[in-house]
Amino acid sequence: MKTYTCLVCGYNKLEDPPIYETGEKSFIVCPCCGFEFGFHDDDQEYTYEGYLKEWIQNGENWAYLPKPENFDLQKQLKNIKQ
1 MKTYTCLVCG YNKLEDPPIY ETGEKSFIVC PCCGFEFGFH DDDQEYTYEG YLKEWIQNGE
61 NWAYLPKPEN FDLQKQLKNI KQ
């Protein structure tokens, strides 16, 4: 199964792309940072960087999965292609 990467936190096991090739947002929610593509960026007007900063300041709590003991955000962020 193909997986996709969260453009906010670098979590690389999303089941759908955050943004389709057509440019439409998928409304998928990242189980790591909780960002919902098409809601937080469009409706709530968050930038990816702004949401990431706020998520880090609030303790990097995982949204829908238990935070792994060996979680390394700096390593995970490298999954995001600049």
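Numbering (full-length UniProt numbering), first residue to last: 1 to 82. Ideal Cβ placement from N, Cα and C applies to all residues, glycine included.
Using the Cα positions of GLU54 and LYS67, report the straight-line distance between them to the nearest angstrom.
-> Position 54 of the sequence shown, counted from the first residue, corresponds to residue 54. Position 67 of the sequence shown, counted from the first residue, corresponds to residue 67. Answer to the nearest angstrom: the Cα atoms are 17 Å apart.
Since LYS25 contacts GLY38 with CB under 8 Å, what's their CB separation in whole angstroms?
-> Numbered from 1 along the sequence shown, position 25 holds the residue referred to as residue 25. Numbered from 1 along the sequence shown, position 38 holds the residue referred to as residue 38. Confirmed, Cβ separation roughly 3 Å.
Report yes if the C-beta distance between VAL8 and LEU65 is below 7 Å; otherwise report no.
-> The residue labelled residue 8 in the question sits at position 8 within the sequence shown. The residue labelled residue 65 in the question sits at position 65 within the sequence shown. Taking C-beta atoms as the reference points, VAL8 and LEU65 fail to come closer than 7 Å.
Starting from GLU54 and walking both ways along the alpha helix (DSSP H), at which residues does that stretch end?
-> Walking along the sequence shown from the start, residue 54 turns up at place 54. The continuous alpha helix (DSSP H) containing GLU54 extends over residues 48 to 57.
Can you say whether GLY10 is buried or exposed, counting buried as having 16 or more other CB atoms within 10 angstroms of its CB?
-> Working through the sequence shown from its first residue, we reach residue 10 at position 10. For GLY10, the number of other beta carbons within 10 angstroms of its own is at least 16, and it is reported as buried.
Using DSSP bridges, identify the partner residues of LYS78.
-> Counted from its first residue, the sequence shown places residue 78 at position 78. Per DSSP, LYS78 has no beta-bridge partner at all.
Quick one: measure Cβ to Cβ for ASN79 and THR3, integer angstroms, because I've assumed they're closer than 8 Å.
-> Working through the sequence shown from its first residue, we reach residue 79 at position 79. Working through the sequence shown from its first residue, we reach residue 3 at position 3. Contact between ASN79 and THR3 is absent: CB atoms are separated by about 10 Å, not below the 8 Å threshold.
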